[in-house]
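Protein chains in written order, with my numbering: chain A, 864 to 1123; chain B, 864 to 1123.
Glycine residues also receive a C-beta, built at the ideal position from the N, C-alpha and C atoms.
There are 2 protein chains.
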Amino acid sequence: MRITIIGSGNVATHMAAAFKNAGHRIVQVYSPNMHNAALLAYHVGAAAIDEISNIDPNTDIFIIAIKDDAIAQTAEALASYQKLIVHTSGSTGIDVLLTHTNKAGVLYPLQTFSKIREVDFATVPLCIEAANDNIYADLEQLATTVSNNIYSINSSGRRILHLAAVFACNFPNYLYGVAQQLLTDHELDFNLLRPLILETAQKVQQQSPVAVQTGPAVRNDQTTMDEHLQMLVNKPQLQDIYALLSQGIIKNNNGEPGDK
Amino acid sequence: MRITIIGSGNVATHMAAAFKNAGHRIVQVYSPNMHNAALLAYHVGAAAIDEISNIDPNTDIFIIAIKDDAIAQTAEALASYQKLIVHTSGSTGIDVLLTHTNKAGVLYPLQTFSKIREVDFATVPLCIEAANDNIYADLEQLATTVSNNIYSINSSGRRILHLAAVFACNFPNYLYGVAQQLLTDHELDFNLLRPLILETAQKVQQQSPVAVQTGPAVRNDQTTMDEHLQMLVNKPQLQDIYALLSQGIIKNNNGEPGDK
């Protein structure tokens, strides 16, 4: 397919590269920042533009991967080309596109992307929604060329997924940072924790998280929890986080002893 | 070495297996529950006992892997055999052993163990503390036979490590469970999130967590955060967790935009 990428951030970058590698033609990359547009366009053999008025109409699909609150107005600007328009946002409904065109869809890649890190796109769950069955079929065909994990998810399901992803990815990553800071404060090496972090994530690839919960809270080990809260006495925000998450674990397990 | 394992829980099980596989002889496994003692003893070719008075004195080291609050009295009961005694607890000082013997040490494996899952022990960081340099050398030699990650960590460092491990492992796992529950409530498949969870942990194997933070909070995307809080309106505890962790991310990044 001929694909036009609207955006130059992490999602735009990884999707453009995945489609390019799958043999599609990236026609243009748009960004209001020409430097960013040019950088990504160079990598995927496309032309760079920084004005929507310079859109090349010889394309099959516009993939909008920009900030959520800019999607609606961008879709409006692109609607006149009468091409398929999809966005890539977890927390945005398909309706912001449908207001402007009936050739609308969503391709939501459920993964955490950073420009500094390669991702094996074949493993990335791609969640598809479409204005009608024909568009769904087209998007599914396109998605299959880059990913082995295709799901049909509507806007309300996508919203739940996005919220769940915050709990499953953004918050754990924040807690990794808290742990790193605790170690750094005491001149301990973060490498000590890296195998633990990886194993914790690997464990739930087959198991259910509740079944493999470990630590003082699941053992209802009040002595250790009190000691930990005492160690955080100068970090009230971390004390609050410690207490709240421990309460959640205890509640999940009704205080029954679990794995150590 | 001839090793006696005191305990039959997850840590005892994984350490006994690792030492056995490395060619050491597991002399006995003690547990107050004979069934548990017998089960582990069978797996590592040892004898099972359920009374300390049945200890075989022909051993080189007692490895105590039991609940923290039982370590002191167990060490007292073992001291008369005049053998090296180590415990495996992150949150317990070496002093609870030194009260009873000067042949004391700590072997703290910094990993999350569940009986239902194999662990590659060679990657497990083993933190050593010892009453003197000779004992340290002995423990280091023993540790080297099962792990490639040996660290010298004293009791106060170990306490910090254990606290940090709660943030890096126990709390993220709890949040995985929250995410799973959110999906289950809406009949969505947890498999959708598994690649995200794994990638999030893999990212920080090389990178620093703060450098790869993604999500609405690091973008200071107040609209999405408000929507998410609204979606959790019937789960006040999750609202609190969402707000608190988002505040932490925003504070870390001073509201500067990050990766998406």
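Please work out which residues of its chain come closer than 6 Å, Cβ to Cβ, to residue 867 of chain B, disregarding the five sequence neighbours upstream and downstream, and give them in chain order. Same-chain partners within the cutoff: 890, 891, 922 and 925.
By the 10 Å Cβ neighbour count, where 16 or more other Cβ atoms means buried, how is residue 1028 of chain B classified, buried or exposed? Buried, since its Cβ has 16 or more Cβ neighbours within 10 Å.
For a test of the three-state rule: what should DSSP assign to residue 939 of chain A, helix, strand or coil? Three-state DSSP puts residue 939 of chain A in a helix.
Any beta carbon from chain B within less than 7 Å of residue 1034 of chain A's own beta carbon? When Cβ-Cβ separations below 7 Å define contact, residue 1034 of chain A makes contact with chain B.
Closest residue to residue 887 of chain A among A:908, A:1103 and A:1087 (Cα-Cα distance): Ranking A:908, A:1103 and A:1087 by Cα distance to residue 887 of chain A puts A:908 first.
Interface flag, residue 1094 of chain B vs chain A, CB-CB below 7 Å: Output row for residue 1094 of chain B: interface = yes.
Residue 1096 of chain B classed as buried or exposed, judged by whether at least 16 other C-beta atoms fall within 10 angstroms: Exposed, since its Cβ has fewer than 16 Cβ neighbours within 10 Å.
Mark residue 1109 of chain B as exposed unless 16 or more other C-beta atoms lie within 10 angstroms of its C-beta, in which case mark it buried. Classification of residue 1109 of chain B: buried, given that the 10 Å Cβ count is 16 or more.
I'd like to know whether the C-beta atoms of residue 967 of chain B and residue 961 of chain B end up nearer to each other than 7 Å. With a cutoff of 7 Å on beta-carbon distance, residue 967 of chain B and residue 961 of chain B are scored as near each other.
I need the straight-line Cα distance from residue 876 of chain A to residue 899 of chain A, nearest angstrom please. Near 10 Å, if we compare the C-alpha coordinates of residue 899 of chain A and residue 876 of chain A.
Exposure label - residue 905 of chain A; buried when at least 16 CB within 10 Å: Looking at its Cβ environment, which holds fewer than 16 other Cβ atoms inside 10 Å, residue 905 of chain A is exposed.
So, residue 1039 of chain A versus residue 1031 of chain B, is the Cβ gap smaller than 7 Å? Contact flag set, yes.
So which residues on chain A does residue 956 of chain B lean against when the C-beta distance must stay under 9 Å? Close to residue 956 of chain B, with beta-carbon spacing below 9 Å, lies no residue of chain A; the smallest spacing is near 11 Å.
Determine the direct distance from the alpha carbon of residue 1114 of chain B to that of residue 1011 of chain A, and round the result to whole angstroms. If you take the alpha carbons of residue 1011 of chain A and residue 1114 of chain B, they lie about 37 Å apart.
Closer than 8 Å between beta carbons: that is the criterion. Which residues of the segment 1057–1068 of chain B meet it against chain A? Listed by position along the chain: 1057, 1058, 1059, 1060, 1061, 1062, 1063, 1064, 1065, 1066, 1067 and 1068.
Closest to residue 1026 of chain A by C-alpha separation, out of B:1025, B:1026 and B:1056, would be which residue? With distances taken between CA atoms, residue 1026 of chain A lies nearest to B:1056 out of B:1025, B:1026 and B:1056.
Check whether the Cβ of residue 1077 of chain B lies closer than 6 Å to any heavy atom of the ligand SAH, and answer yes or no. Ligands displayed in this structure: none; no statement on the ligand SAH is therefore possible.
Please specify which runs of the beta strand (DSSP E), each continuous and at least 3 residues long, are wholly inside the segment 1009–1046 of chain A, giving them in chain order. Fully enclosed beta strand (DSSP E) runs of 3 or longer: 1012–1015.
Proximal residues to residue 869 of chain A (C-beta, below 7 Å), its chain only, five neighbours per side dropped: Correct list, in chain order: 893, 925, 926, 927, 928, 929 and 937.
So, at 7 Å on beta carbons, what are the nonlocal neighbours of residue 965 of chain A in its own chain, with the 5 sequence-adjacent residues on each side left out? By the criterion of a C-beta distance shorter than 7 Å, residue 965 of chain A is surrounded in its chain by 994, once the five residues flanking it on both sides are discounted.
Is there a Cβ from chain A that is less than 7 Å from the Cβ of residue 988 of chain B? Closer than 7 Å to some Cβ of chain A, the Cβ of residue 988 of chain B qualifies, so yes.
With three or more beta-carbon pairs closer than 8 Å as the criterion, would you say the segment 1045–1063 of chain B touches the segment 1013–1022 of chain B? Verdict: no, contact absent.
Going by CA-CA distance only, name the one from A:1112, A:1044 and A:990 that's closest to residue 1035 of chain B. The shortest C-alpha separation from residue 1035 of chain B is found at A:1112.
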